[in-house]
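**Student:**
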Amino acid sequence: MNTVLLAFSGGLDTSYCARYLSVERGLVVHSVIVNTGGFSDAELQRIDERAHACGVASHVALDRTEQLYTSVLRYLIAGNILKNATYPLSVSAERVVQAIAIAEHARALGVDAIAHGSTGAGNDQVRFDVIFRILCPEIEVLTPIRDQQLSREAEIAYLTEHGVAGDWTKSAYSVNQGIWGTTIGGRETLTSNMPLAKEAWGEAAKLGTAERETIAITFEQGEPVALDGVVMSPVDVIRAIEARARPYGIGRDMHVGDTIIGIKGRVAFEAAAALVLIKAHHVLEKHTLSKWQLNLKDQLSLWYGQLLHEGLFLESAMRSIEAFYRDTQQHVSGVVNVELASERFTVLGITSPSDLMRSGFASYGEMNRAWSGADVKGFAAIAAIPSMLSRSVHGEA
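Reading the sequence shown from the start, the letters are residues 1355 to 1751 in our numbering.
(1) Compute the beta-carbon to beta-carbon distance between residue 1599 and residue 1581, rounded to the nearest angstrom, for a pair I have assumed lies under 8 angstroms.
(2) Is the separation between the beta-carbon of residue 1387 and that of residue 1414 shorter than 9 angstroms?
(3) Give me the Cβ distance between residue 1456 and residue 1668, rounded to the nearest whole Å; I'm assuming they're in contact under 8 angstroms.
(4) Is the segment 1509-1529 close to the segment 1485-1496, with three or more CB pairs under 8 angstroms?
(5) Buried or exposed: where does residue 1426 fall if 16 or more other Cβ atoms within 10 Å of its Cβ makes it buried?
(6) Apart from the five residues on each side of it in sequence, which residues of its chain come closer than 7 angstroms, Cβ to Cβ, to residue 1390?
(7) Just how far apart, CA to CA, sit residue 1618 and residue 1546?
(8) Roughly how many angstroms separate the alpha carbons of residue 1694 and residue 1659, rounded to a whole number?
(9) Report the partner residues of residue 1413 according to the DSSP bridge assignment.
(10) Looking at residue 1375: is its Cβ nearer than 9 angstroms to the Cβ of residue 1381?
(11) Can the beta-carbon of residue 1392 be found less than 9 angstroms from the beta-carbon of residue 1477?
(12) Quick one: residues in its chain with C-beta nearer than 7 angstroms to the C-beta of residue 1506, no 5 flanking neighbours on either side, listed in chain order?
(13) Helix or strand or just coil, what does DSSP make of residue 1441?
(14) I need the boundaries of the alpha helix (DSSP H) containing residue 1518, first residue and last residue.
(15) So what's residue 1633 in DSSP terms, helix, strand or just coil?
(16) In the DSSP output, which residue or residues are listed as bridge partners for residue 1578?
(17) Could you tell me whether the Cβ atoms of residue 1560 and residue 1605 are closer together than 9 angstroms?
(18) Would you kindly report the start and end of the unbroken alpha helix (DSSP H) that includes residue 1485?
(19) What are the partner residues of residue 1621, as DSSP defines its beta bridges?
(20) With distances taken from CA atoms, which of 1555, 1370 and 1635 is nearest residue 1497?
(21) Report the partner residues of residue 1530 according to the DSSP bridge assignment.
(22) Going by the beta-carbon positions, is the gap between residue 1591 and residue 1601 smaller than 9 angstroms?
(23) Are there 16 or more other CB atoms within 10 angstroms of the CB of residue 1726, so buried, or fewer, so exposed?
(24) Using only alpha-carbon positions, find the residue among 1544, 1432 and 1398 that is nearest to residue 1654.
(25) Determine which residues share a DSSP beta bridge with residue 1360 and list them.
(26) In terms of residue numbering, what span does the alpha helix (DSSP H) encompassing residue 1732 cover?
(27) Looking only at its own chain, which residues have a Cβ that is under 6 angstroms from the Cβ of residue 1685, when we skip the five neighbours before and after it?
(28) Mind checking which residues open and close the alpha helix (DSSP H) that includes residue 1589?
(29) For residue 1634 and residue 1692, which I take to be in contact (beta-carbon distance under 8 angstroms), what is that distance rounded to the nearest angstrom?
(30) Put residue 1495 into one of helix, strand or coil per three-state DSSP.
(31) Exposed or buried, which one is residue 1491 when buried takes at least 16 other CB atoms within 10 Å?
(32) Who are the Cβ neighbours of residue 1470 in its own chain at under 7 angstroms, not counting the five residues just before and after it?
(33) Out of 1597, 1466, 1666 and 1678, which has the shortest C-alpha to C-alpha gap to residue 1646?
(34) Residue 1744 to residue 1573, Cα distance in whole Å?
(35) So, for residue 1648: in the same chain, excluding its five sequence neighbours on each side, which residues have a beta-carbon less than 8 angstroms away from its beta-carbon?
(36) On the CB-based measure, 16 or more other CB atoms within 10 Å of its CB, does residue 1631 come out buried or exposed?
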């Protein structure tokens, strides 16, 4: 083994990995960071400088924001997917796309190993390992932090000893920011009852204000293609909605779920655009899809969200569900009006050429033209037969 590609974030753990793999293992270390919409140019430049200060032979930043949308986010919108009816799977979506990009870059470089700085406690270690084993099983995976179970103090001492300077002061909160939302972990998320401190959230200039505004989101075959009539790419629609909704404090919540390795986890998140888009899209679907399409989508969305969370994005079942989603979105086109206010939003209504409420068959609770009262009596009699038979044999349930 001579060369290794390190997934590098510029933090303490990956900085330690860069020096350790070079000094202790004698490897030529190349590093990569995959940007899925969470880093500014200035931040990427600082990470590049840190990587070279740690002695890497090369460092590259790969932008995969558009791929994140095309490969994953469009289906999270199509499926109206919220994990445990709460969380839009912000990190899960990013990690699988990042892992795929790293695996492809590793094969292009021809390295002998891939390394990442995950610990042994979280979800990301599994997501990375699973993708790497599927896409490049011939490349060994190295995880110094997980294998050595190092303390922060030991990592800092090692970097200092080997001439890597830096402010390694531990932040009170760990923050992961991306285009599909920001997750926040801290002392409160290690408890079951404490709310996140106000200062841990991002700035919300309009929080508590009486101000309101309405935005109009245009969907075309299930994808967001315009905001307030201005046509733009889906990625730009997401960014524009985030810029409009986040200042109101919209999209803040706490998610409690089961980690991949089976323990309970709690994390705060702020995902204004994701929640607004999913809710707006869902309302549009309720106007344009049949009852059984909606029923099937609800069931498959549980599977899609769970498989994505578990890092099984490359499972063949995911492509099958995506094909179903694409088929269901043929008539999900129209404009959804959403009102933004302090800490909440409301879907006001939709307009769509495929709105099934605009049919001439009937009005709910009013008149109908497609059937008679006698037809309904017969329908009800037939619908009751299975339960009547069961009760006659088994008695009351």
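Every residue, glycine too, gets a C-beta built ideally from N, C-alpha and C.
**Tutor:** Taking the coordinates as given:
(1) Counted from its first residue, the sequence shown places residue 1599 at position 245. Counted from its first residue, the sequence shown places residue 1581 at position 227. Contact doesn't hold; Cβ gap of about 11 angstroms is too wide.
(2) Locating residue 1387 in the sequence shown gives position 33, counting from the first residue. Locating residue 1414 in the sequence shown gives position 60, counting from the first residue. A contact, by the Cβ cut-off of 9 angstroms.
(3) On the sequence shown, position 102 is the one that residue 1456 refers to. On the sequence shown, position 314 is the one that residue 1668 refers to. So it is not a contact: roughly 14 angstroms between Cβ atoms.
(4) Judged by Cβ distances under 8 angstroms, the segment 1509-1529 makes no contact with the segment 1485-1496, as fewer than three pairs qualify.
(5) Mapped onto the sequence shown, residue 1426 falls at position 72. By the neighbour-count rule (16 or more Cβ atoms within 10 Å), residue 1426 is buried.
(6) Taking the first residue of the sequence shown as position 1, residue 1390 is located at position 36. 1418, 1419, 1422, 1448, 1451, 1452, 1532 and 1533, listed in sequence order.
(7) Counting from 1 along the sequence shown, the entry for residue 1618 is found at position 264. Counting from 1 along the sequence shown, the entry for residue 1546 is found at position 192. Approximately 10 angstroms between the Cα atoms of the pair.
(8) Counted from its first residue, the sequence shown places residue 1694 at position 340. Counted from its first residue, the sequence shown places residue 1659 at position 305. Roughly 27 angstroms between the two C-alpha positions.
(9) Here residue 1413 refers to the residue found at position 59 of the sequence shown. Looking at the DSSP assignment, residue 1413 forms a beta bridge with 1385.
(10) By one-based count along the sequence shown, residue 1375 stands at place 21. By one-based count along the sequence shown, residue 1381 stands at place 27. Using a Cβ distance threshold of 9 angstroms, residue 1375 and residue 1381 count as a contacting pair.
(11) Mapped onto the sequence shown, residue 1392 falls at position 38. Mapped onto the sequence shown, residue 1477 falls at position 123. No, Cβ-Cβ distance for residue 1392 and residue 1477 is not below 9 angstroms.
(12) Working through the sequence shown from its first residue, we reach residue 1506 at position 152. Counting only Cβ-Cβ distances below 7 angstroms, and skipping sequence neighbours, we find 1366 and 1524.
(13) For the purposes of this step, residue 1441 is taken as the residue at position 87 of the sequence shown. Residue 1441 carries a strand assignment under DSSP once its states are collapsed to helix, strand and coil.
(14) For the purposes of this step, residue 1518 is taken as residue 164 along the sequence shown, with counting starting at 1. Looking at the DSSP string, residue 1518 is not in any alpha helix (DSSP H), and its letter there is neither H nor E.
(15) Counted from its first residue, the sequence shown places residue 1633 at position 279. If DSSP states are grouped into helix, strand and coil, residue 1633 belongs with the helices.
(16) As a working note, residue 1578 is residue 224 in the sequence shown. Answer is 1573, bridged to residue 1578.
(17) Residue 1560 sits at position 206 when you count from the first residue of the sequence shown. Residue 1605 sits at position 251 when you count from the first residue of the sequence shown. Taking 9 angstroms as the Cβ cut-off, residue 1560 and residue 1605 do not qualify as a contacting pair.
(18) Reading the sequence shown from its first residue, position 131 is the one you call residue 1485. Residues 1478-1489.
(19) Taking the first residue of the sequence shown as 1, we reach residue 1621 at position 267. Under DSSP, residue 1621 shares a beta bridge with 1609.
(20) On the sequence shown, residue 1497 is found 143 positions in, with the first residue counted as 1. Ranking the options by Cα distance to residue 1497, first place goes to 1370.
(21) Along the sequence shown, one-based indexing puts residue 1530 at 176. Answer is 1537, bridged to residue 1530.
(22) Locating residue 1591 in the sequence shown gives position 237, counting from the first residue. Locating residue 1601 in the sequence shown gives position 247, counting from the first residue. No, they are not a contact pair.
(23) The residue you call residue 1726 lines up with position 372 of the sequence shown. So residue 1726 counts as exposed.
(24) Residue numbering aside, residue 1654 sits at position 300 when the sequence shown is read from its first letter. For residue 1654, the closest C-alpha among the options 1544, 1432 and 1398 is that of 1432.
(25) Within the sequence shown, the letter at position 6 stands for residue 1360. The secondary-structure analysis by DSSP pairs residue 1360 across a beta bridge with 1385 and 1469.
(26) To locate residue 1732, count along the sequence shown from 1; it is residue 378. Unbroken alpha helix (DSSP H) run through residue 1732: 1727-1748.
(27) The residue you call residue 1685 lines up with position 331 of the sequence shown. Cβ within range, chain order: 1642 and 1708.
(28) Translated into the one-based positions of the sequence shown, residue 1589 becomes position 235. It spans 1588-1599 - the alpha helix (DSSP H) in which residue 1589 sits, taken as one unbroken run.
(29) Taking the first residue of the sequence shown as position 1, residue 1634 is located at position 280. Taking the first residue of the sequence shown as position 1, residue 1692 is located at position 338. With a Cβ gap of about 6 angstroms, residue 1634 and residue 1692 count as contacting.
(30) Looking up residue 1495 in the sequence shown gives position 141. DSSP places residue 1495 in strand when its eight states are reduced to three.
(31) In the sequence shown, residue 1491 corresponds to position 137, counting from 1. Exposed, because fewer than 16 other Cβ atoms sit within 10 Å of the Cβ of residue 1491.
(32) Position 116 of the sequence shown, counting from 1, holds the residue named residue 1470. Only 1361, 1482 and 1497 meet the Cβ criterion.
(33) Working through the sequence shown from its first residue, we reach residue 1646 at position 292. The residue with the shortest Cα to Cα distance from residue 1646 is 1678.
(34) Stepping through the sequence shown from its first residue, residue 1744 is reached at position 390. Stepping through the sequence shown from its first residue, residue 1573 is reached at position 219. Rounded to whole angstroms, residue 1744 to residue 1573 spans 46 angstroms at the Cα level.
(35) Numbered from its first residue, the sequence shown carries residue 1648 at position 294. Cβ neighbours of residue 1648 beyond the five flanking positions: 1639 and 1640.
(36) Along the sequence shown, one-based indexing puts residue 1631 at 277. Classification of residue 1631: buried, given that the 10 Å Cβ count is 16 or more.
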